[in-house]
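**Student:** Using my numbering, you'd call the opening residue of the sequence shown number 1357 and step up by one each time.
Have a look at this one.
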Amino acid sequence: MWASVALFGLAIGSFLNVVIVRLPEHKSLWGPRSACPGCGAPIAWHDNVPILSFVALRGRCGACAMRISWRYPVVEALTAALFILAYRTFGPTVNFVAALLLLGALVAITAIDLQHQIIPDVITLPGIVAGFLANLASGRVSWLDSLIGVGIGGGLFLVIILASGGGLGGGDMKLGAMLGAFLGWTVVLVAVFVAVLLGGALAIVLLATGKRRRKDPIPFGPFLALGGMVG
């Protein structure tokens, strides 16, 4: 079962790489076949095996030798590791399925926000509904706690956005609401606390070392995603 979960995580990680590339460009996730962004050569199935193909190709396109981003194997390995941790925590239960939905969404959101500084509504808005329905099915968090979590998770960031005049984006607010739907209102507070703690610590280090100035944007979505994973 552990091996099955790991292989499933690798396969989902491979699909998440497609989501990460195509979603910000408003392209279909289902077609056409993946191709090298450099030469346009379609990627053969044997060059699309998670992690193994990257190693076999030595991180380069088999047709034009263009370098392949390390993001691909990292996303695949990270997704598999998170799925294994979810199975270790919940076992073969409805909660395990809910955890897979949340973790997969957070991996995609993290990579997209790091690269494009956006958090797609097409992930977070359906995620709010999915989180509520998952708790309705499992009973792990009551439907009322889930609804309150949506209000608190999104409301905290709405207050920050209004008070700061746009210091955070609407995507962070919707991501907070999605986390509240999955985690409930008490645990989403823990998730937000972890996100603020880690994000603030990194911001201080970047400012102190001169790698960022006060007005330079720092994506907050990855920290909120990490807080959600912890929650």
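For each residue, glycine too, the CB sits at the ideal point set by N, CA and C.
Here the structure is a predicted model, which is why all the values come from computation and not from measurement.
1. Confirm, please, whether the CB-CB distance from residue 1547 to residue 1584 is below 8 Å.
2. Would you tell me roughly how many angstroms separate the C-alpha atoms of residue 1425 and residue 1416, rounded to the nearest one?
3. Go to residue 1452, then tell me how far its alpha helix (DSSP H) extends in each direction, as first and last residue.
4. Taking Cβ to Cβ, would you say residue 1481 is nearer than 8 Å to residue 1530?
5. Determine whether the beta carbon atoms of residue 1305 and residue 1512 lie at a separation below 8 Å.
6. Quick one: Cα of residue 1360 to Cα of residue 1568, how far?
7. Helix, strand or coil: how does DSSP classify residue 1389 here?
8. Looking at residue 1539: is its Cβ nearer than 8 Å to the Cβ of residue 1483?
9. Could you give the distance in angstroms between the alpha-carbon of residue 1421 and the alpha-carbon of residue 1398?
10. Does residue 1444 come out as helix, strand or coil in the three-state DSSP assignment?
11. Among all the DSSP beta bridges, which residues are the ones paired with residue 1346?
12. Does DSSP classify residue 1476 as helix, strand or coil?
13. Select from 1468, 1500, 1477, 1542 the residue whose C-alpha is nearest the C-alpha of residue 1579.
14. Going by the beta-carbon positions, is the gap between residue 1550 and residue 1497 smaller than 8 Å?
15. Kindly indicate which three-state DSSP category residue 1398 falls into: helix, strand or coil?
16. Hey, how far is the Cα of residue 1432 from the Cα of residue 1442?
**Tutor:** Looking at the coordinates:
1. yes
2. 9 Å
3. 1450-1472
4. yes
5. The structure shown does not extend to residue 1305, since the chain is modelled only from 1357 through 1587, so no value can be given for it.
6. 43 Å
7. coil
8. no
9. 14 Å
10. helix
11. What the structure shows of the chain is the stretch from 1357 to 1587, and residue 1346 is not part of that stretch, so it cannot be assessed.
12. coil
13. 1468
14. no
15. strand
16. 15 Å
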